[in-house]
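To keep things clear, I will list the structure first and then write my remarks on it.
Chains as they are written, first to last, in my numbering: chain A, 7 to 250; chain B, 74 to 341.
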């Protein structure tokens with residue numbers, strides 16, 4: 007029954023979106039022409055390319071560190087096993103709102119607020135990181151064993167020591183895993199926020215698209231893929247070192 | 074004698090090599106952060122000015138333009154949801170064969186594994202927005218481009234997780250079927266499939282949840298959905314309308330998350 011309903015919905019959605027085979031076939035012809043224009047990639051303007059990639063990388067690194075610094079305290083506030091309900095709810099609400107918007111949408115708002123350039127991208131990705139890291143951190147903190155926390159508390163340790171010696175050692179390696187995941191994801195998004203003017207290679211990519219400069223587009227996309235794969239290899243190596 | 078040496082021995086949690094590796098990672102992170110902060114082009118005045126500007130933006134957005142919702146936002150929002158759903162279904166259909174090909178225990182040919190993995194990595198690395206730009210150039214602006222963008226970007230994610238689920242299946246039922254002389258299709262549908270069904274549904278739901286968020290931005294590059302309404306409002310500086318679109322997006326995204334949690338509990 008559920009399947010039938012879904013099938014009906016699917017057909018309805020297809021008709022709403024005007025996904026007709028005729029249109030698709032017409033597109034395939036364009037698609038072929040388009041692909042022939044993409045290749046071979048044109049790496050002539052490599053200085054522009056490198057500048058964009060470097061800025062994307064910087065945005066990703068700074069945003070990850072800032073996001074980490076912000077989400078640590080917020081996730082401690084949001085953990086139900088450490089804090090009373092009146093503290094956890096506002097913290098959770100902030101994280102839900104940060105997580106609900108795509109980084110590019112947040113980037114638009116920051117571009118309007120702080121102007122074009124890398125700063126808007128950094129702020130946007132920091133907010134996005136807070137949403138995701140905060141959620142993952144909070145879940146990890148809620149799964150810890152409270153015995154160690156109680157033991158530290160029983161010695162009369164102040165609150166910060168309870169956090170530093172009772173909570174953080176239990177979640178450290180999982181945090182490393184989450185943080186490296188977030189670095190990966192920020193690297194991907196930092197190549198995109200430029201589409202709305204928030205710095206990085208995305209701006210160059212979008213401009214090349216609008217100038218129908220497709221062989222340069224191809225060069226940019228290939229370099230983005232290369233950078234993302236290198237980033238993934240590095241963060242995997244990092245995870246291995248920390249056994250996260 | 075031996076007791077004395079035992080007392081001298083210092084207990085260490087990590088070996089020297091491990092500590093060295095950790096130190097190198099810490100050093101690399103600090104170096105990367107310092108290098109980034111020193112070279113990134115940020116105008117300090119903009120940072121100082123930021124809180125004031127954000128406050129100004131929020132003031133302009135309040136109150137949200139509720140009247141605009143039924144006129145133009147509602148239909149665009151539904152379009153976004155359709156794009157997300159149809160895109161996910163198409164993406165999963167394309168991902169399944171690559172998932173099977175990439176799993177070492179299902180496909181014994183190494184070159185096929187690597188070929189499939191290459192496709193999965195490539196589609197995962199190209200952002201949905203880039204696919205959207207491509208398909209807008211090929212099929213023209215509209216929901217078709219957005220749907221295909223979502224579908225293609227989903228291949229890598231779904232395919233990789235699906236092949237990982239396949240690789241962690243137990244070989245017992247598969248060997249039993251093979252020993253009985255079952256043909257390849259039966260081995261897949263009775264040996265592998267029942268073992269990965271829960272993982273499959275949970276990753277489809279997860280991807281749908283992500284795609285709902287992604288389908289919303291697609292409009293910024295002309296690929297249909299509520300992003301186009303947002304783009305229009307932004308270009309005309311109609312801030313109350315922008316606020317309304319953002320509120321509507323927030324509502325849909327949270328509703329999608331709640332729905333996914335509910336369905337996951339029901340079927341898994």
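Idealized CB from N, CA, C, for every residue including glycine.
Residue environment, residue i, which counts as buried when at least 16 other CB atoms sit within 10 Å
i	result
residue 198 of chain B	buried
residue 151 of chain A	exposed
residue 195 of chain A	buried
residue 12 of chain A	exposed
residue 206 of chain A	buried
residue 89 of chain B	exposed
residue 36 of chain A	exposed
residue 239 of chain A	exposed
residue 29 of chain A	exposed
residue 112 of chain A	buried
residue 118 of chain A	buried
residue 75 of chain A	exposed
residue 212 of chain B	buried
Range of the contiguous alpha helix (DSSP H) that encloses residue i
i	result
residue 126 of chain B	117-134
residue 330 of chain B	312-340
residue 228 of chain A	220-247
residue 215 of chain A	207-216
residue 163 of chain A	No alpha helix (DSSP H) holds residue 163 of chain A; DSSP gives it neither H nor E.
residue 201 of chain B	201-212
residue 15 of chain A	8-22
residue 288 of chain B	266-290
residue 106 of chain A	91-106
residue 306 of chain B	299-308
residue 122 of chain A	Run containing residue 122 of chain A: none; DSSP gives neither H nor E here.
Member of the options whose CA lies at the smallest distance from the CA of residue i
i	options	result
residue 199 of chain A	A:211, A:54, A:190	A:211
residue 50 of chain A	A:225, A:86, A:158, A:189	A:225
residue 193 of chain A	A:11, A:213, A:97, A:109	A:109
residue 184 of chain A	A:63, A:143, A:43, A:56	A:143
residue 144 of chain B	B:296, B:322, B:314	B:314
residue 230 of chain B	B:253, B:203, B:277	B:277
residue 239 of chain B	B:169, B:195, B:183, B:196	B:169
residue 159 of chain B	A:160, A:166, A:14	A:14
residue 173 of chain B	B:257, B:248, B:204	B:257
residue 131 of chain B	B:248, B:310, B:252, B:325	B:310
residue 155 of chain B	A:23, A:154, A:219, A:125	A:23
residue 139 of chain B	B:336, B:187, B:339, B:320	B:320
residue 338 of chain B	B:120, B:279, B:312	B:279
residue 203 of chain A	A:98, A:126, A:42	A:126
residue 187 of chain B	B:204, B:233, B:209	B:233
Beta-carbon contacts of residue i that lie in its chain and below 8 Å, excluding the five residues immediately before and after
i	result
residue 292 of chain B	149, 153, 219, 298, 299, 300, 301, 302, 303, 304
residue 74 of chain B	Low confidence applies to residue 74 of chain B: its pLDDT is 45, below 50, so where it sits in the model is not reliable enough to give any reading.
residue 182 of chain A	244, 245, 248, 250
residue 330 of chain B	282
Own chain partners of residue i with C-beta closer than 7 Å, once the 5 adjacent residues on each side are dropped
i	result
residue 241 of chain A	186, 189, 190
residue 250 of chain B	259, 260, 263, 264
residue 59 of chain A	207, 229, 233
residue 148 of chain A	85, 86, 87
residue 197 of chain A	62, 206, 207, 208, 230
residue 177 of chain A	146, 147, 150
residue 167 of chain B	224, 228
residue 158 of chain A	167, 168, 171, 172
Reduced DSSP secondary structure (H/G/I, E/B, other) of residue i
i	result
residue 87 of chain B	coil
residue 74 of chain B	Because residue 74 of chain B sits at a pLDDT of 45, beneath the cut-off of 50, its placement in the model cannot be relied upon, and the point is left open.
residue 198 of chain A	coil
residue 184 of chain B	helix
residue 138 of chain B	coil
residue 45 of chain A	coil
residue 256 of chain B	coil
residue 179 of chain B	coil
residue 58 of chain A	helix
residue 114 of chain B	coil
residue 226 of chain B	helix
residue 149 of chain A	coil
residue 94 of chain B	helix
residue 242 of chain B	coil
residue 147 of chain B	helix
residue 143 of chain A	helix
residue 50 of chain A	coil
residue 26 of chain A	coil
Close-in-space but distant-in-sequence residues of the same chain around residue i (CB under 6 Å, 5 per side omitted)
i	result
residue 137 of chain A	101, 104, 105
residue 209 of chain A	200
residue 268 of chain B	242
residue 215 of chain B	297
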